[in-house]
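Notes follow once the structure below has been shown.
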Amino acid sequence: MKIDRRLIFNFDWMLLLFVLLIVCAGIVNLYSAGYGISGEPYLKQIRWVFLGLFVMFLTFAFDYRWIARYGYWVHGLALLLLIAVFVVGAVTKGSQRWITLGGFSIQPSELVKITLILALAKYFNDHRLEGKYGIRELVVPFLIVLAPFVLVLKQPDLGTALMLMILFGSMVLFVGIRWKTLLSLCAIALMIIPLGWNFLAEYQRERVLTFIDPERDPLGSGYHIIQSIIAIGSGGIFGKGFMRGTQSQLKFLPEQQTDFVFSVFAEEWGFLGTVLVLVLFLVLILWGLKIAQHSRDYLGTLIAYGVTMMIFWGVFINVAMVLGILPVVGIPLPFFSYGGSSMVKMMVATGLLMNVSMRRYVLQS
Amino acid sequence: MLEKPDKLVRYDPGEYRQRFTFFFWVILVAICLLVMRLWYLQIIKGEDLLKRSENNRIRIRDVKAMRGIILDSRGVVLVENRPSFDVVIFPEDVKDLQGLVEKLVALYAKVNLTFPMDYETILENRRPFTPLRVDRNVSREKLALIETHSLELPGVGIDVMPVREYYYGESMAHIIGYIGEVSRDDLERDKSSSYKSGDLIGKFGLEKALDRFIRGKAGGEQVEVNVIGKKVKTLGRVEPVQGYRVVLSLDSQVQKAAWTAMDGKAGAVVALDPRDGSVIALVSRPGFDPNLFNRGITSELWEKLSSNPLHPMENRAIAGQYPPGSTYKLIVAAAALEEGVITPETSFNCPGHFDLGNHTFRCWRKQGHGRISLHRAIVESCDVYFYNVGKLLGVDRLAQYAQAFGLGARTGVALTGERRGLIPTREWKLTRFGVAWQPGETISLAIGQGYNTVTPIQLANAYAAVANNGEYFTPRIVQRIETDDGEIIEEFRPEKKAVLPVSQENIQLLKKALWGVVNEPGGTGGQARVAGRDVAGKTGTAQVIGMPAGDDGAAYPYEYRDHALFVSFAPRDNPEIAVAVVVEHGGHGASAAAPVAKKVIEAYFEGKKKP
Numbered sequence: 001m002k003i004d005r006r007l008i009f010n011f012d013w014m015l016l017l018f019v020l021l022i023v024c025a026g027i028v029n030l031y032s033a034g035y036g037i038s039g040e041p042y043l044k045q046i047r048w049v050f051l052g053l054f055v056m057f058l059t060f061a062f063d064y065r066w067i068a069r070y071g072y073w074v075h076g077l078a079l080l081l082l083i084a085v086f087v088v089g090a091v092t093k094g095s096q097r098w099i100t101l102g103g104f105s106i107q108p109s110e111l112v113k114i115t116l117i118l119a120l121a122k123y124f125n126d127h128r129l130e131g132k133y134g135i136r137e138l139v140v141p142f143l144i145v146l147a148p149f150v151l152v153l154k155q156p157d158l159g160t161a162l163m164l165m166i167l168f169g170s171m172v173l174f175v176g177i178r179w180k181t182l183l184s185l186c187a188i189a190l191m192i193i194p195l196g197w198n199f200l201a202e203y204q205r206e207r208v209l210t211f212i213d214p215e216r217d218p219l220g221s222g223y224h225i226i227q228s229i230i231a232i233g234s235g236g237i238f239g240k241g242f243m244r245g246t247q248s249q250l251k252f253l254p255e256q257q258t259d260f261v262f263s264v265f266a267e268e269w270g271f272l273g274t275v276l277v278l279v280l281f282l283v284l285i286l287w288g289l290k291i292a293q294h295s296r297d298y299l300g301t302l303i304a305y306g307v308t309m310m311i312f313w314g315v316f317i318n319v320a321m322v323l324g325i326l327p328v329v330g331i332p333l334p335f336f337s338y339g340g341s342s343m344v345k346m347m348v349a350t351g352l353l354m355n356v357s358m359r360r361y362v363l364q365s
Numbered sequence: 366m367l368e369k370p371d372k373l374v375r376y377d378p379g380e381y382r383q384r385f386t387f388f389f390w391v392i393l394v395a396i397c398l399l400v401m402r403l404w405y406l407q408i409i410k411g412e413d414l415l416k417r418s419e420n421n422r423i424r425i426r427d428v429k430a431m432r433g434i435i436l437d438s439r440g441v442v443l444v445e446n447r448p449s450f451d452v453v454i455f456p457e458d459v460k461d462l463q464g465l466v467e468k469l470v471a472l473y474a475k476v477n478l479t480f481p482m483d484y485e486t487i488l489e490n491r492r493p494f495t496p497l498r499v500d501r502n503v504s505r506e507k508l509a510l511i512e513t514h515s516l517e518l519p520g521v522g523i524d525v526m527p528v529r530e531y532y533y534g535e536s537m538a539h540i541i542g543y544i545g546e547v548s549r550d551d552l553e554r555d556k557s558s559s560y561k562s563g564d565l566i567g568k569f570g571l572e573k574a575l576d577r578f579i580r581g582k583a584g585g586e587q588v589e590v591n592v593i594g595k596k597v598k599t600l601g602r603v604e605p606v607q608g609y610r611v612v613l614s615l616d617s618q619v620q621k622a623a624w625t626a627m628d629g630k631a632g633a634v635v636a637l638d639p640r641d642g643s644v645i646a647l648v649s650r651p652g653f654d655p656n657l658f659n660r661g662i663t664s665e666l667w668e669k670l671s672s673n674p675l676h677p678m679e680n681r682a683i684a685g686q687y688p689p690g691s692t693y694k695l696i697v698a699a700a701a702l703e704e705g706v707i708t709p710e711t712s713f714n715c716p717g718h719f720d721l722g723n724h725t726f727r728c729w730r731k732q733g734h735g736r737i738s739l740h741r742a743i744v745e746s747c748d749v750y751f752y753n754v755g756k757l758l759g760v761d762r763l764a765q766y767a768q769a770f771g772l773g774a775r776t777g778v779a780l781t782g783e784r785r786g787l788i789p790t791r792e793w794k795l796t797r798f799g800v801a802w803q804p805g806e807t808i809s810l811a812i813g814q815g816y817n818t819v820t821p822i823q824l825a826n827a828y829a830a831v832a833n834n835g836e837y838f839t840p841r842i843v844q845r846i847e848t849d850d851g852e853i854i855e856e857f858r859p860e861k862k863a864v865l866p867v868s869q870e871n872i873q874l875l876k877k878a879l880w881g882v883v884n885e886p887g888g889t890g891g892q893a894r895v896a897g898r899d900v901a902g903k904t905g906t907a908q909v910i911g912m913p914a915g916d917d918g919a920a921y922p923y924e925y926r927d928h929a930l931f932v933s934f935a936p937r938d939n940p941e942i943a944v945a946v947v948v949e950h951g952g953h954g955a956s957a958a959a960p961v962a963k964k965v966i967e968a969y970f971e972g973k974k975k976p
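Chains as they are written, first to last, in this note's numbering: chain Z, 1 to 365; chain E, 366 to 976.
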């Protein structure tokens with residue numbers, strides 16, 4: 001393959017810088033969060049980062065138009081993996097989310113977020129409308145999201161399933177939807193929610209009820225959120241200092257390397273630290289929107305917009321969750337939470353952004 | 366525009382470029398919302414939540430103080446402390462109590478043990494921030510079991526309780542006593558004590574009487590715990606202060622000898638130093654093992670102890686009330702001499718019986734002693750002689766002297782449960798029974814039978830008074846209380862109680878007679894003779910019921926047999942030890958009690974040889 005020198009010239013160093021800054025903060029935090037835990041999670045996470053950087057390179061090495069061409073296939077493959085989870089998947093904490101491939105445990109529900117964006121971007125790129133989308137034009141994209149949604153919900157993993165729907169909703173809002181259609185879809189959703197309540201597992205209902213009133217079961221399901229709020233609040237303005245978080249070091253915090261990793265950070269670095277990290281994320285997200293806005297073509301806009309929203313929702317939902325604004329749903333904090341699948345997914349997302357960004361001036365080859 | 370074969374077509378985003386403003390604002394508002402929430406939690410509520418995080422990790426735990434040790438007069442350690450391990454639950458560190466209890470039950474069951482508490486009991490007894498003891502005094506293997514599974518048992522810990530190791534067990538149980546868990550009454554009575562529920566307090570004997578000296582002062586520890594209540598590090602510690610050391614006047618060697626000599630018997634031995642009232646030995650048989658009380662005695666064991674007809678918990682040496690029998694003759698003789706009723710030369714004829722009205726009082730020697738004077742009457746313990754003396758003396762004058770010898774009143778030894786005994790008078794009988802005193806009763810009284818009862822320690826002290834030429838002391842069992850470094854906190858000096866209203870001349874006379882009891886031919890106390898030690902003493906056989914003459918009572922049921930008594934001191938000149946022995950239902954004082962006194966006296970002098 002002939003490398004266009006403009007690709008290198010237009011390489012988005014700022015994007016890489018933002019991501020690496022966040023990743024480094026994440027690893028430092030993980031060193032503290034996982035201190036004393038066998039296997040040294042931060043070391044594993046560094047390995048995942050390098051794997052992620054390699055995958056990121058692969059992702060931006062090929063023109064996103066080539067990649068999007070296989071969008072449906074890739075999405076289909078992810079769906080197959082989701083089905084495979086039920087056949088060979090390992091059950092942890094009551095849900096079946098993992099499959100083991102060649103020594104790696106992977107979480108297909110993380111990867112399907114990327115393939116969903118690709119598939120939807122391809123669909124909306126292929127089916128552009130002059131006006132706004134109505135219900136009939138949305139049937140196919142809805143099916144594209146419904147398949148993974150149902151499969152993930154079955155695992156059961158309510159958080160990720162809702163995340164898929166939110167990504168779908170974000171895409172639809174962007175491409176434009178008729179007001180009438182939007183309102184009727186909202187009405188349908190409102191009707192489905194009480195029905196859906198019956199389909200929730202007992203622990204999921206508990207979580208929702210606990211979210212409404214964490215103190216109703218302070219030793220049970222409310223425990224997590226109370227401990228998280230104590231950890232965050234006790235950090236104060238300047239934090240307790242690196243490795244000095246009592247809530248985290250003494251393991252009062254639940255899931256402190258994964259879903260509640262931000263609480264560890266907030267306890268040790270305080271308000272100044274948390275605002276700094278949120279600003280970093282905000283800059284990254286706005287940078288992503290800028291890439292989408294300045295994309296050379298519509299497909300690039302859709303992909304960049306999609307992955308940016310994925311990062312945004314990941315950050316927002318996770319942080320809102322540990323702050324007690326949203327119920328506890330298992331959504332990891334991008335680049336921060338321990339976990340290979342999440343890290344690789346975020347690196348692929350970065351790769352896609354990079355892909356769109358560096359090709360904005362490239363002429364048709 | 367022609368589509369290229371590779372279909373890498375481009376469409377211009379066109380008006381879509383304008384749509385980002387909306388999403389820009391959505392994202393900005395969302396992030397601002399998070400920052401506001403962080404502001405609220407970390408800055409507005411920061412202080413409160415910091416306190417809550419401190420409460421999470423910091424626990425104040427008691428560090429129990431060790432009780433003071435107890436030594437005998439030679440510095441032999443009688444009581445020390447040893448650790449006892451309890452399995453405790455820290456309620457604030459337990460999230461799922463029922464699950465935890467199930468886990469514990471399963472864990473115990475795995476090694477064929479039963480967990481002593483069930484969920485309901487634990488639920489009932491749990492108090493916030495108070496470790497709940499669910500299994501006390503656990504074995505080493507249980508300890509290992511809990512420790513190895515500690516990660517699966519959040520909120521379960523091991524607490525060390527210092528408990529007592531009573532090296533002399535039964536033989537000193539009545540003096541030293543025992544400890545037990547503080548009761549609600551104890552806590553309410555003594556609000557100034559730093560005791561908390563679950564602590565150990567002295568319940569009996571010196572452990573109880575000297576508790577405020579022995580208890581020490583509990584320390585505290587501020588510890589950092591992790592989420593399962595395991596101690597991570599100590600943040601601060603106030604060391605506990607061990608209780609003061611108690612030095613007794615007791616001699617453990619003599620005590621041991623007395624205990625052994627009483628083997629298989631019920632009764633008491635009291636050995637005093639006549640020169641200052643120090644208690645050298647004090648034994649009450651049967652005894653009980655105070656080590657069993659350390660961590661709460663089981664109900665069946667308690668049942669066994671309290672239903673034992675011999676009442677092993679009673680300290681007979683100070684609470685056993687016995688008719689003094691012939692040992693009383695010393696007091697009768699002293700009274701008669703002082704009152705001028707008789708002179709040392711006065712003699713009476715003993716035909717083996719004494720008649721008063723239509724009642725006949727027998728002498729223990731059926732064939733009688735013939736004409737006999739005071740000295741031989743004491744040596745041979747002639748009853749008829751003393752019937753005559755008693756008749757001349759009268760009940761009230763006798764009582765006056767008996768009281769002067771310290772009988773019928775508590776000696777004041779620092780032990781709980783001491784009883785008075787009884788010295789009857791005319792007035793007493795009239796108020797007590799509403800019946801006038803009968804002359805015949807005085808006759809019995811003269812040989813120590815009838816209403817009068819004495820305790821072994823009273824007897825020992827009365828004889829010690831004679832031994833010490835009339836001056837006697839309040840028996841003293843604790844010499845001093847001191848710190849570990851030997852700094853004296855409180856010293857118990859010999860406390861002079863009274864002087865006998867008996868002339869030195871008469872005292873010497875009586876001492877000589879008592880020496881004769883043991884050392885002269887025909888004396889009743891020959892079995893107490895110790896070569897070269899000039900033992901002086903008096904035998905006594907106290908009737909429980911009237912028996913025909915010459916019957917040794919062996920055919921009677923145990924509880925009707927006579928009590929055997931022997932009271933003595935040695936050496937005759939400058940006595941160092943006075944010993945009273947009572948063997949309940951032991952038969953004759955000469956055969957059952959005197960050998961015990963002999964062994965005690967021997968042990969005392971044996972011990973003196975050693976440095």
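Cβ coordinates follow ideal geometry from the N, Cα and C atoms, glycine included. Owing to the predicted nature of the structure, the values given are computational and were not obtained by experimental measurement.
Outcome for Z:Asp12 when other beta-carbon atoms lying within 10 angstroms are tallied against a minimum of 16:
buried
Give the C-beta separation of E:Pro821 and E:Ala945 to the nearest angstrom, bearing in mind that I take them to be a contact with Cβ-Cβ under 8 Å.
5 Å
Since Z:Ile366 contacts Z:Leu272 with CB under 8 Å, what's their CB separation in whole angstroms?
Nothing can be reported for residue 366 of chain Z: it is not among the residues displayed for chain Z, which extend from 1 to 365.
For the beta strand (DSSP E) containing E:Pro456, name the first residue and the last one.
Run containing E:Pro456: none; DSSP gives neither H nor E here.
With distances taken from CA atoms, which of E:Leu757, E:Ile737, E:Gly685 is nearest E:Leu787?
E:Gly685
Below 8 Å between beta carbons: does that hold for E:Arg898 and E:Pro940?
no
Run through DSSP, which three-state label would E:Trp802 get?
coil
Once DSSP output is grouped into helix, strand and coil, what is the label at E:Ala896?
coil
For the stretch 27-59 of chain Z, enumerate the residues whose C-beta is nearer than 7 Å to any C-beta of chain E, in chain order.
none
Assigned secondary structure, Z:Ile177 (DSSP; H/G/I helix, E/B strand, else coil)
strand
Going along chain E in order, which residues have a C-beta closer than 8 Å to the C-beta of Z:Thr301?
Pro378, Tyr381, Arg382
Mind checking E:Asn420: buried by the 16 CB within 10 Å criterion, or exposed?
exposed
For Z:Asn355, the nearest candidate out of Z:Tyr70, Z:Arg296, Z:Ala119, Z:Tyr72 (CA to CA):
Z:Arg296
What do you get for E:Tyr923, buried or exposed, if any count of 16 or more other CB atoms within 10 angstroms of its CB means buried?
exposed
Quick one: which residues of the stretch 388-414 of chain E get their C-beta closer than 8 Å to a C-beta of chain Z? List them in chain order.
Phe388, Phe389, Ile392, Leu393, Ala395, Ile396, Leu398, Leu399, Val400, Arg402, Leu403, Trp404, Leu406, Gln407, Ile408, Lys410, Gly411, Glu412, Asp413, Leu414
Cα-Cα separation between E:Gly632 and E:Pro639, rounded to whole angstroms:
22 Å
With a threshold of 8 Å, are at least 3 pairs of Cβ atoms found where one atom belongs to the stretch 758-768 of chain E and the other to the stretch 885-902 of chain E?
no
The stretch 700-712 of chain E touching the stretch 839-852 of chain E, judged by at least three CB pairs closer than 8 Å:
no
Can you tell me the Cα-Cα spacing of Z:Leu81 and Z:Gly52, whole angstroms?
20 Å
Can you tell me which of the three DSSP states E:Gly570 falls into?
helix
Cβ-based burial, Z:Met56 [other Cβ within 10 Å; buried from 16]
buried
Tell me, please, whether the CB atom of Z:Met1 is closer than 8 Å to any CB atom in chain E?
Residue confidence for Z:Met1 is low, a pLDDT of 49 falling below 50, so the modelled location carries little weight; the figure read from the coordinates is stated next. Closer than 8 Å: no.
Nearest-angstrom Cβ-Cβ length linking Z:Ile232 and Z:Glu267, presumed shorter than 8 Å
6 Å
Within 8 Å, strictly: CB atoms of E:Met482 and E:Val499
yes
Contact with chain A by Z:Gly71, beta-carbon distance below 8 Å:
The chain labelled as chain A is not found among the protein chains of the depicted structure, namely Z and E.
Specify, as a first and last residue, the run of the beta strand (DSSP E) that E:Ile854 falls within.
853-856
Can you tell me which of Z:Ala147, Z:Glu137, Z:Ile27, Z:Leu162 puts its alpha carbon nearest to the alpha carbon of Z:Ile331?
Z:Leu162
Quick check on the burial criterion: 16 or more other C-beta atoms within 10 angstroms. Buried or exposed for E:Met431?
buried
Would you mind stating whether E:Gly534 and E:Pro655 have Cβ atoms separated by less than 8 Å?
yes
Using 8 Å as the limit for Cβ to Cβ distance, is Z:Asp12 near chain E?
no
Grab me the residues of E:Pro370's own chain with a C-beta within less than 7 Å of its C-beta, minus the 5 sequence neighbours each way, in chain order.
Any reading at E:Pro370 must be qualified, since the residue scores a pLDDT of 42, below 50, and its modelled position is unreliable; no value is offered.
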